[in-house]
Structures are given as structure tokens and as C-alpha cells.
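A.B. asks: Residue 106 in the working numbering sits at position 107 of the sequence shown, with consecutive numbering throughout. Quick reminder that beta carbons are idealized off the backbone N, C-alpha and C, glycines included.
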Amino acid sequence: MSLLDHKKHLLVLFASPNSHSCTRMLLEAFLREFKEQNDWQIKEIDTYTLAPKPCIGCRACAKKEGCAFPDLDGFDKDFRRADLVVVASPVYNASFPAPFKALLDRTQRYFEARFSLGQKRPIKKHRDAVLLLTMGREEDFPVEVTAHQLERSFSVMNTTLRGCAVWGGTDLGRQNLGAAQQKARAIALEILGKM
């Protein structure tokens, strides 16, 4: 058994098209605490690189566990293994960018496993999740929308959204960055204190 087998798994779903963006700065503030711990393995999935196919409503997942498209099989494996999931995303039109939204739509496979195939828990292992959002304006509605979308998807994925840090007003520069980074760090410390 390797040393990696003993580590906890943190899965980052990075939903920004820009690798050095405001979203990255907020994510790094959160991850700093985990990187200082020696017992966490961090894996990041860039949803723009992953480029999930959109759900086509074919209902293949209602007949057999899985999806007609194999492009998210790796994501499924990583998600099932994760002890903690972090969604780091900018806000586009009061929601998530298209690649991440496509990934969320494809979680229909877990709803079908639960309700059409009768699996009480399509994903056995429980995990917590954190939402890190960046947006040009400061407003509550996009936070409510994105958190609600995650909570709906996570409801059949044995995952609980435990916290949200928001860097609002990025169009104004970095004036709100410090407070957002402090919130992200506080959520990280709270989670580490419980695990």
C-alpha cells in the first residue's frame, strides 16, 4: 500500500476558462491550508479542458447505471473517491459557465440511479463540498442560484454543501479580494478541524 493510499482526497472542479484568473486567486487561498497538510492529495479537473458533452435526455442512465457518453467516467471515479469537493467558478449570467453547467446536467445519471433503478445511495461514500465564486458585481442572486444548483445535484450524490466564499465586485479590481480570501481560508480551517 502506497503513501498516497492513506491520504484524503480533495477534488477541485475548476470552472474558469482562465488559469490565472480571480477564481484561481480565491481557490489558492482556500487550498493553501490543505497544501500545508501532508495528508491530503489534491486533484484538479479543469471543466473547460474536460469539455463535457451536454445531456441529450436519451434516458440510457434510466435503464443501466452510467451514461451513454464515456467522457465523464473519469470524473465519476474521481468524485466517488473524493473526501471533499471544491467547486471554483466565476459567475456567468447569474449561473455557472457552460462546461460546468453541462457537467451538472450530466449528474442526471445519479438521479436515474436513485429513482429509476432504485439505488438508495448511488454514491455510497459521503463527502462535503465547498463553493468558491467570483463575479464582477456584488449581488446575492447568483450566489443563491449556483448554491441551489449544486445542492440539487448533490442531493443524490451523497454530498453536502458546507460553505461558500464569494469574491464579488471583481470588476472594481482587488478591493474585495482580502475579505473573500479570509472567508475561503476560514472555511478550509473549519473543514480541516472536523476531518
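Quick one: using the 10 Å Cβ neighbour count with 16 as the cut-off for buried, is Cys21 buried or exposed?
C.D. replies: Numbered from its first residue, the sequence shown carries residue 21 at position 22. Buried, since its Cβ has 16 or more Cβ neighbours within 10 Å.
A.B. asks: Is the CB-CB distance between Lys34 and Leu10 below 7 Å?
C.D. replies: Within the sequence shown, residue 34 is the residue found at index 35, counting from 1. Within the sequence shown, residue 10 is the residue found at index 11, counting from 1. Not a contact, by the Cβ cut-off of 7 Å.
A.B. asks: To which residues of the same chain is Gln181 closer than 6 Å at the C-beta, ignoring the five residues directly before and after it?
C.D. replies: As a position in the sequence shown, residue 181 is number 182, starting the count at 1. Result list for Gln181: empty, nothing under 6 Å.
A.B. asks: Kindly indicate which residue of Ala14, Lys100, Arg136, Lys62 has the alpha-carbon position closest to the one of Asp170.
C.D. replies: As a first step, residue 170 is located in the sequence shown; it is residue number 171 there, counting from the start. With distances taken between Cα atoms, Asp170 lies closest to Arg136.
A.B. asks: Just how far apart, CA to CA, sit Glu27 and Leu191?
C.D. replies: Position 28 of the sequence shown, counted from the start, is the residue given in the question as residue 27. Position 192 of the sequence shown, counted from the start, is the residue given in the question as residue 191. Rounded to the nearest angstrom, the two C-alpha atoms are 16 Å apart.
A.B. asks: Expressed to the nearest angstrom, what Euclidean distance is found between the alpha-carbon atoms of Asp104 and Pro53?
C.D. replies: Residue numbering aside, residue 104 sits at position 105 when the sequence shown is read from its first letter. Residue numbering aside, residue 53 sits at position 54 when the sequence shown is read from its first letter. Distance between the alpha carbons of Asp104 and Pro53: 7 Å.
A.B. asks: Rounded to whole angstroms, what's the CA-CA distance from Lys7 to Arg126? Just pull it up for me.
C.D. replies: For this step, residue 7 is matched to residue 8 along the sequence shown. For this step, residue 126 is matched to residue 127 along the sequence shown. Rounded to whole angstroms, Lys7 to Arg126 spans 11 Å at the Cα level.
A.B. asks: Look at Gly162 and Val129 and say whether their C-beta atoms are less than 7 Å apart.
C.D. replies: Locating residue 162 in the sequence shown gives position 163, counting from the first residue. Locating residue 129 in the sequence shown gives position 130, counting from the first residue. Yes, the Cβ-Cβ distance between Gly162 and Val129 is below 7 Å.
A.B. asks: Using the Cα positions of Pro141 and Gly172, report the straight-line distance between them to the nearest angstrom.
C.D. replies: Position 142 of the sequence shown holds residue 141. Position 173 of the sequence shown holds residue 172. Pro141 and Gly172: Cα-Cα distance of roughly 19 Å.
A.B. asks: Mapping the DSSP letters down to three states, classify Cys163 as helix, strand or coil.
C.D. replies: Numbered from its first residue, the sequence shown carries residue 163 at position 164. The answer is strand: DSSP assigns Cys163 an E or B state.
A.B. asks: Could you tell me the distance, in whole angstroms, from the CA atom of Val155 to the CA atom of Arg120?
C.D. replies: Locating residue 155 in the sequence shown gives position 156, counting from the first residue. Locating residue 120 in the sequence shown gives position 121, counting from the first residue. Roughly 7 Å between the two C-alpha positions.
A.B. asks: I'd like the ranges of any beta strand (DSSP E) spanning at least 3 consecutive residues and lying wholly in the segment 19-101.
C.D. replies: Here the runs fully enclosed are 39-45, 83-89.
A.B. asks: Quick check: the Cα distance between Gly73 and Ala101, rounded to an integer number of angstroms?
C.D. replies: By 1-based counting over the sequence shown, the position of residue 73 is 74. By 1-based counting over the sequence shown, the position of residue 101 is 102. Rounded to whole angstroms, Gly73 to Ala101 spans 15 Å at the Cα level.
A.B. asks: How big is the Cα-Cα spacing for Tyr91 and Met134?
C.D. replies: As a working note, residue 91 is residue 92 in the sequence shown. As a working note, residue 134 is residue 135 in the sequence shown. Cα-Cα distance, rounded: 8 Å.
A.B. asks: Report yes if the C-beta distance between Ala14 and Pro96 is below 7 Å; otherwise report no.
C.D. replies: As a position in the sequence shown, residue 14 is number 15, starting the count at 1. As a position in the sequence shown, residue 96 is number 97, starting the count at 1. Taking 7 Å as the Cβ cut-off, Ala14 and Pro96 qualify as a contacting pair.
A.B. asks: Apart from the five residues just before and just after Ala179, which ones in its own chain have a Cβ nearer than 7 Å to its Cβ?
C.D. replies: Translated into positions along the sequence shown, residue 179 becomes position 180. Taken in chain order, the residues that qualify are Leu25, Ala164, Val165, Trp166.
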